[in-house]
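A quick write-up on the structure given underneath.
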Amino acid sequence: MLAEIITIGDEILIGQIIDSNSAWMAVELNKIGVKIKQITSVSDDAEHIKEALREAEKRANIILITGGLGPTKDDITKKTLAEYYKSGGMVLHQPTLDKVASIFAKYNAPVTELNKLQAMVPDNCEVILNENGTAPCMLFRNEDRMIVSMPGVPFEMMALMQDKILPLIKATYNLPSIFHKTILTAGIGESFLAEKIAHIEDSLPAYIKLAYLPKLGIVRLRLSTVTGITPETQQEVEHFAKLIKNEIEDFWVADEDIPLEKAILNLMDAQKLTLSVAESCTGGYLSHLLTQHPGSSSVFLGGGIVYANALKMKQLDVSSQTLDTYGAVSEETVIEMANGAIKNFNSDYAIAISGIAGPDGGTAEKPVGTVWIAVAHQHQTIAKKFTFSNKRLQNIERAAIAALNLLLRLLKQHQA
Numbered sequence: 001m002l003a004e005i006i007t008i009g010d011e012i013l014i015g016q017i018i019d020s021n022s023a024w025m026a027v028e029l030n031k032i033g034v035k036i037k038q039i040t041s042v043s044d045d046a047e048h049i050k051e052a053l054r055e056a057e058k059r060a061n062i063i064l065i066t067g068g069l070g071p072t073k074d075d076i077t078k079k080t081l082a083e084y085y086k087s088g089g090m091v092l093h094q095p096t097l098d099k100v101a102s103i104f105a106k107y108n109a110p111v112t113e114l115n116k117l118q119a120m121v122p123d124n125c126e127v128i129l130n131e132n133g134t135a136p137c138m139l140f141r142n143e144d145r146m147i148v149s150m151p152g153v154p155f156e157m158m159a160l161m162q163d164k165i166l167p168l169i170k171a172t173y174n175l176p177s178i179f180h181k182t183i184l185t186a187g188i189g190e191s192f193l194a195e196k197i198a199h200i201e202d203s204l205p206a207y208i209k210l211a212y213l214p215k216l217g218i219v220r221l222r223l224s225t226v227t228g229i230t231p232e233t234q235q236e237v238e239h240f241a242k243l244i245k246n247e248i249e250d251f252w253v254a255d256e257d258i259p260l261e262k263a264i265l266n267l268m269d270a271q272k273l274t275l276s277v278a279e280s281c282t283g284g285y286l287s288h289l290l291t292q293h294p295g296s297s298s299v300f301l302g303g304g305i306v307y308a309n310a311l312k313m314k315q316l317d318v319s320s321q322t323l324d325t326y327g328a329v330s331e332e333t334v335i336e337m338a339n340g341a342i343k344n345f346n347s348d349y350a351i352a353i354s355g356i357a358g359p360d361g362g363t364a365e366k367p368v369g370t371v372w373i374a375v376a377h378q379h380q381t382i383a384k385k386f387t388f389s390n391k392r393l394q395n396i397e398r399a400a401i402a403a404l405n406l407l408l409r410l411l412k413q414h415q416a
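Numbering follows full-length UniProt numbering, in which position 127 of the sequence shown is assigned residue number 127; successive positions increment by one, without gaps.
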């Protein structure tokens, strides 16, 4: 079963926003056995949209459209779809109007005429109520094809897909059975990982595929089968997953597709361990990664953004002598920062990060991209120096992921 995604909006084409919708939809569709044939982004231009639809209908059974459903004049998707699918005119969809009114009532705001127009839909579409916004989701059917137009707001689109569209696709089409098994690894590069498990990969039967999915600091290994899920095929996938895990035990993190920080939170939560942080050059980014996950408070106690040396001394008891002698970006300083966090925040583990994020501020001895990271436990502290690039945002992200990897290494040592 083939699908195509069309994203509509000038703001995508000029780089004002990133099209995260397509990536998310592609992942979810793949899970149910729908392959993405093509992803197309088009401007807010009726002829461009119609041309994209004509081409998509040649290739795909399912066409998913996002964007262009707002109340302003440049939101022309609804009108264009009505023309393309030869609607007899626009009709009022009362449930959508009621939803619009209820949303505005929460803010004690009047419903404008423009907002009322959002409840007008082509008379030949099926309307799927958007529970989280004012723009309705519209479904058109053309022979065996399903064309779905959704709002471009990510959380609205995701809710519609999860609650309405994906179940509808599964009920409409005879989809292949797919079974995925994901292994999360960290601390090893993709090529080294491939070398270590090459003999296992070579022994896979034809109906089991192995994919390498690298991301900053991690590599996900995904075993998949599409030959009709039976207890036997699931067992075989699990068998090969176990072989891989045994081969890469030092780098294995989890048997599920979750972010590295979530895997660490799960590991620490299972052992009733707590964590605090002392961030300098990352400016709270590591804390952000940890706190975006529900339930993180059972592990993550908090910490400090200690950018200035005065705060390093005040909040973490870093000595002025250490700072004067070795500087803020040094092994000695991050060790004192981590130990100070353990003591002052009363956590089992602590991470400290100090570096030169760039693009300036470096020296010949400590160039831009130099980062020291320490991880402390009540009876052990380890520290490591990293040298990244001269790109500030990349350095912040890399330092946070490197810190998580260093924490994971210490946690594994204590598990052994």
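Here a beta-carbon is modelled for each residue, glycine too, at the ideal position from N, C-alpha and C.
Is residue i helix, strand or coil when you go by DSSP?
{"i": "Val91", "result": "strand"}
{"i": "Ser287", "result": "helix"}
{"i": "Thr230", "result": "coil"}
{"i": "Glu4", "result": "strand"}
{"i": "Leu223", "result": "strand"}
{"i": "Phe179", "result": "strand"}
{"i": "Leu193", "result": "helix"}
{"i": "Ile335", "result": "helix"}
{"i": "Gln16", "result": "coil"}
{"i": "Ala263", "result": "helix"}
{"i": "Val42", "result": "strand"}
{"i": "Val111", "result": "coil"}
{"i": "Leu53", "result": "helix"}
{"i": "Ala254", "result": "strand"}
{"i": "Ile248", "result": "coil"}
{"i": "Ile36", "result": "strand"}
{"i": "Thr322", "result": "helix"}
{"i": "Leu64", "result": "strand"}
{"i": "Ser296", "result": "helix"}
{"i": "Val329", "result": "coil"}
{"i": "Gln271", "result": "coil"}
{"i": "Pro174", "result": "Going by the sequence as given, residue 174 is Asn instead of Pro. Looking at Asn174 - three-state DSSP - the assignment turns out to be coil, as it is neither helix nor strand."}
{"i": "Leu204", "result": "coil"}
Grab me the residues of residue i's own chain with a C-beta within less than 6 Å of its C-beta, minus the 5 sequence neighbours each way, in chain order.
{"i": "Met146", "result": "Ile62"}
{"i": "Ala159", "result": "Asn132"}
Please return the same chain residues whose Cβ sits closer than 7 Å to the Cβ of residue i, not counting the five positions on each side in sequence.
{"i": "Lys37", "result": "Leu2, Ala3, Glu4, Arg59 and Ala60"}
{"i": "Leu29", "result": "Ala3 and Ile36"}
{"i": "Thr322", "result": "Glu332, Thr333 and Glu336"}
Identify, in the order they occur along the chain, each residue of the same chain with its Cβ nearer than 8 Å to the Cβ of residue i, setting aside the five sequence neighbours on each side.
{"i": "Lys31", "result": "Ile178 and His180"}
{"i": "Leu289", "result": "Pro259, Glu261, Ala400 and Leu404"}
{"i": "Ile200", "result": "Phe240, Leu243, Ile244 and Glu247"}
{"i": "Gln378", "result": "Ile342 and Asp348"}
Can you pull the DSSP bridge partners for residue i?
{"i": "Ser276", "result": "Gly302 and Ala350"}
{"i": "Ile218", "result": "Ala186 and Lys215"}
{"i": "Lys209", "result": "Ser224"}
Less than 8 Å separating the Cβ of residue i from some heavy atom of the ligand MG?
{"i": "Met313", "result": "Ligands in the displayed structure: none, and consequently the ligand MG is not present."}
Please decide whether residue i counts as near chain D, where near means a Cβ-Cβ distance under 9 Å.
{"i": "Phe240", "result": "In the structure shown, chain D cannot be found, because there is only a single protein chain."}
(message) So within the region 346-410, which uninterrupted beta strand (DSSP E) runs reach at least 3 residues, ignoring any that extend past its ends?
(response) For the region 346-410, whole beta strand (DSSP E) runs of length 3 or above, ordered along the chain, are 349-355, 370-377 and 380-387.
(message) To test your reading of the DSSP string, which unbroken beta strand (DSSP E) runs of 3 or more residues are found completely within the region 119-168?
(response) 120-122, 126-128, 137-142 and 145-150
(message) Under 8 Å: do the region 358-369 and the region 296-312 share three or more Cβ pairs, one atom per stretch?
(response) No, they do not touch.
(request) Answer yes if the region 40-48 comes into contact with the region 99-112, meaning at least three C-beta pairs across the two stretches below 8 Å, and no otherwise. (result) no
(request) Assess, as a yes-or-no matter, whether the region 205-212 is touched by the region 270-285 under the definition of 3 or more beta carbon pairs within less than 8 Å. (result) Flag = no, the region 270-285 and the region 205-212 do not touch.
(request) Mind the definition here: the region 46-54 touches the region 20-27 only if three or more C-beta pairs lie below 8 Å; say whether that holds. (result) no
(message) Assess contact between the region 81-93 and the region 150-169, defined as three or more Cβ pairs (one per stretch) separated by less than 8 Å. Is contact present?
(response) no
(message) Check whether the region 180-190 and the region 217-233 are in contact - that is, three or more C-beta pairs closer than 8 Å.
(response) yes
(request) Would you check if the region 249-257 and the region 299-318 touch, i.e. whether three or more CB-CB distances between them fall below 8 Å? (result) no
(request) Would you check if the region 191-199 and the region 372-387 touch, i.e. whether three or more CB-CB distances between them fall below 8 Å? (result) no
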